[in-house]
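Just below is one structure, and these are the notes that go with it.
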Amino acid sequence: MKISKQKAKLLIIVTCLIFLTLSMPFVQALTTPIPNQLVVRLDDSQAVTEAIENLEQNIPNAVVVDYDSAKYNLKYWRFLGVAIWVSHGSEEGVMINGELTQWDVLEDPIKGTPNKDIVLSCYSSALLEQTDLSSTNVATFDGEIDAVIGSLVVSYILSQDSSIYPKIKSRFMDIFANPSCVEPLRFLLDPGGGGGIGGTNPGSAPNYARHYLSWAELGFHLVAAFLLIALFLVDWYIPSDLPFVVSMQVKIYTVGWASMVTTLVYLGLEKITLESAIGTFMGWFLDALEIFWDCFFAAELWEQIVFGITGFIALFVLAIE
């Protein structure tokens, strides 16, 4: 079926508007600053869980995310409040997903947050000794710290709620009467020499979909294949006499924005890994560069000048920011 040029142009414009409209809420949602306090769960154990529960109860509107999850990677750098990193620790390192990891793994994430952070863990002051961080970047604890007392102290620092005082006093009295009830946020080796944390048996970090494709990832790749077919069809029906700028925008917006929106939806729902999403974004970026390159040399001289000037200004603005 042959489509007239007028209908093709109308179809292109409507398609672009649809995808641009669909993408706007996602762009806004993924770039808007978040005024809440952030609690990052680095490991899963009884002591860590109890500490995080105390933080949630005593800090209004605190948001809890798991370290290196999709929600974490999409949100942690946008929180305007204090980021609280909770785990077990020792002088050698910090527990992350069941494995003892060197303290310097937290250096870049802490530098990426806009506010001063708190590392709620035993021996977290080792972070200042083993990295370039200072007390102006992060607040830490010397030696061992009880999970309940530490979380209550942090809660009071952030909320200034005087009702937390009796809770701290009560916890001190409980420990004084029964020292065995203390729950230190320190890393312990089990008798067999393997990694263990205060009465738990953590496993190794899961390797999600490393050896097989889940239904979510299979669906994602099928959608990507559909978008490639859509790109071919759009390119087939674009009238040859359209200006190169319009042709280029049609290709990028129609398929590029749709692919990115789909990827962000799957990533936000934690249906695909962050590595898969980054690979998709890089593929779209390289395709966009190829389209720019081909269209630039196919354009008329005046269009090349206009495009070159606007591109230089855009790069300059990004550089100074």
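The numbering used here numbers the first residue of the sequence shown as 4 and each following residue consecutively.
We put the beta carbon where it would ideally sit given N, CA and C, even for glycine.
Between residue i and residue j, how many whole angstroms is the CB-CB distance? I'm expecting something under 8 Å.
i: I160; j: P187; result: About 20 Å separates the two Cβ atoms, so there is no contact after all.
i: I62; j: R44; result: Actually they are not in contact, since the Cβ atoms of I62 and R44 sit about 14 Å apart, beyond 8 Å.
i: G101; j: D46; result: 7 Å
i: Q133; j: D107; result: 6 Å
Could you spell out the range, first to last residue, of the alpha helix (DSSP H) harbouring residue i?
i: I55; result: 49-61
i: D177; result: 167-180
i: V342; result: Summary: the structure shown does not reach residue 342, with the chain confined to residues 4 through 324, and so no result is reported for it.
i: L131; result: 129-133
i: V157; result: 150-162
i: I113; result: 110-114
i: N76; result: 73-78
Hey, could you find the ends of the beta strand (DSSP E) residue i is sitting in?
i: A86; result: 86-89
i: E102; result: 102-104
i: I121; result: 120-123
i: V338; result: Outside the shown range of the chain, which is 4 to 324, sits residue 338, and nothing can be said about it.
i: L41; result: 41-44
Would residue i pass as a contact of residue j if the rule is Cβ separation under 8 Å?
i: G41; j: G92; result: Checking the displayed sequence, the identity of residue 41 turns out to be Leu instead of Gly. Going by C-beta atoms, L41 is not nearer than 8 Å to G92.
i: E2; j: A50; result: It is not possible to answer for residue 2, since the shown part of the chain is limited to 4 through 324.
i: F284; j: T266; result: yes
i: V157; j: I121; result: yes
i: N64; j: S154; result: no
i: I152; j: I167; result: no
i: I99; j: Y70; result: yes
i: L123; j: V89; result: yes
With distance defined between alpha-carbon atoms, name the residue in the options nearest to residue i.
i: L277; options: D46, N76, A65; result: N76
i: A144; options: S173, S154, C125; result: Note that residue 144 corresponds to Phe in the displayed sequence, not to Ala. Among S173, S154, C125, the Cα nearest to that of F144 belongs to C125.
i: V113; options: Q60, D135, I316, I312; result: It should be pointed out that residue 113 corresponds to Ile in this sequence rather than to Val. Nearest of Q60, D135, I316, I312 to I113, Cα basis: D135.
i: S72; options: Q105, T52, A280, P182; result: A280
i: T116; options: Q105, I87, T104, G101; result: I87
i: Y269; options: K74, P36, Q60; result: K74
i: E53; options: W305, A150, G146; result: A150
i: Q105; options: S127, Q60, V309; result: S127
i: Q60; options: I178, V309, S162; result: S162
i: A141; options: S48, L109, P169, I178; result: Note that residue 141 is Val in the sequence shown here, rather than Ala. Considering only alpha carbons, the answer is L109.
i: F82; options: V309, S48, N39; result: N39
i: P36; options: S165, N118, G282; result: N118
Closer than 7 Å: is that where the CB of residue i sits relative to any heavy atom of the ligand COA?
i: F179; result: As for the ligand COA, it is missing from this structure, which has no ligand bound.
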